[in-house]
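Heads up: the sequence shown runs through residues -17 to 278, numbered per my numbering.
The structure appears right after this line, and notes come after that.
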Amino acid sequence: MSLYPETLAAHLGREVTTVCHCWRLTRTDGWMAGYTDHDRPLISGATVFAPQTGLAASEARDTLGLAVDTVDVEGALSSDDIGEEDIAAGLYDGAVVETFLVNWRQPEDFVLLRKATVGKITRSDGRFVAELESAAHALDRPNGRYVSRTCDAELGDARCGFAPDNPDFTGAGTVAAWEAPSTLVVSGLDGFEAGWFAHGVLSWTTGANAGRSERVEEHRKDATGTRLVLRPRSGMAAAEGDTFSAVAGCDKKFATCKAKFANALNFRGFPHLPGNDAAYGYVVDGGRFDGGPVVP
């Protein structure tokens, strides 16, 4: 059975055809836009596809079996819908791209060729190249759990079971100044000890980044003020006066889970698992060989 509608299949059987490609882009936040390599706007399937956006597709191959299919969509940043800042901020990461073959003389005749997600995006010389990954790409990712001494849950999720909305584990602050590309001086967190928000999550509540979250690498505190070091990223920088909320961080260690969060019973790691050091170790004076746990 052909995936092409009967009318479109009949059209493709002619010596001269009037078909073009259309792309419908749907971001994870629900924003949607349509683009086409035709020279006029098209309305197909209740979507308006804009022309002359600078988009072009590379060769696409569909393979049998479980091989991963990929195709590149390349284009200049000529569409008002696609901004350099949005790409840098990761708004298009994981977006869904549907590729259609459309008869531009009869736009109601179309077929969905493939559905993919946006993988790696590279930018150079004023243009972008987005790699589209097929559904089979998920089969190429590691699945299941790794046996390790550290926890593999995220603080506050169902597996962790800890509720971080307690005032002792959340704070709100304001950016006082930028000290380095990823270091900001903040106010409002003076009541928390140094390192409390390290490995935590910072969510912007106002400013150009409102609604976005970032990972905190370090939380420093000294006589000159409180500083948060964010995970390096490219995108829109926050401005002085922007506000945020922060959730305490967890370094995934059993000792931290037990002492900081009193959540040892829900620890999702294997802290007492002997490692290679135990397997290749040997008895020496001063060693402890009482059968006790590796991590107290």
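Note that the Cβ used here is the ideal one computed from N, Cα and C, for glycine as well.
Remember, it's a predicted structure, so these values are computed and weren't measured experimentally.
Chain B contact for residue i (CB, 9 Å cutoff)
i: L94; result: The structure shown contains no chain B; it holds only a single protein chain.
Per-residue burial, residue i [other beta carbons within 10 Å of its own, 16 or more giving buried]
i: K97; result: exposed
i: S116; result: buried
i: N85; result: buried
i: T0; result: exposed
Cβ-Cβ distance between residue i and residue j below 9 Å
i: E199; j: A228; result: no
i: L166; j: A205; result: no
i: E66; j: A158; result: no
i: V79; j: R6; result: yes
i: S169; j: P214; result: no
i: A230; j: P146; result: yes
Whole-number beta carbon distance between residue j and residue i, since they are thought to touch under 8 Å
i: T(-11); j: D91; result: 5 Å
i: L279; j: C4; result: The shown model of the chain, from -17 to 278, leaves out residue 279, and the question about it has no answer.
i: Y74; j: V111; result: Not a contact, Cβ separation roughly 12 Å.
i: V183; j: R197; result: 6 Å
i: C133; j: R250; result: 5 Å
Rounded separation between residue i and residue j - CA only
i: V129; j: F252; result: 7 Å
i: K234; j: G12; result: 33 Å
i: T104; j: F144; result: 38 Å
i: H20; j: A71; result: 29 Å
i: C232; j: L137; result: 7 Å
i: R131; j: H254; result: 7 Å
i: S185; j: G193; result: 7 Å
i: N245; j: N148; result: 14 Å
i: L(-6); j: P33; result: 22 Å
i: A(-8); j: T81; result: 20 Å
Residue i beta carbon near the ligand MG (any heavy atom closer than 8 Å)
i: T208; result: Among the ligands in the structure shown, none appear at all, so the ligand MG cannot be discussed.
In DSSP terms, what residue i is bridged to
i: K234; result: Paired residues: none, contrary to the question.
i: A32; result: Y17
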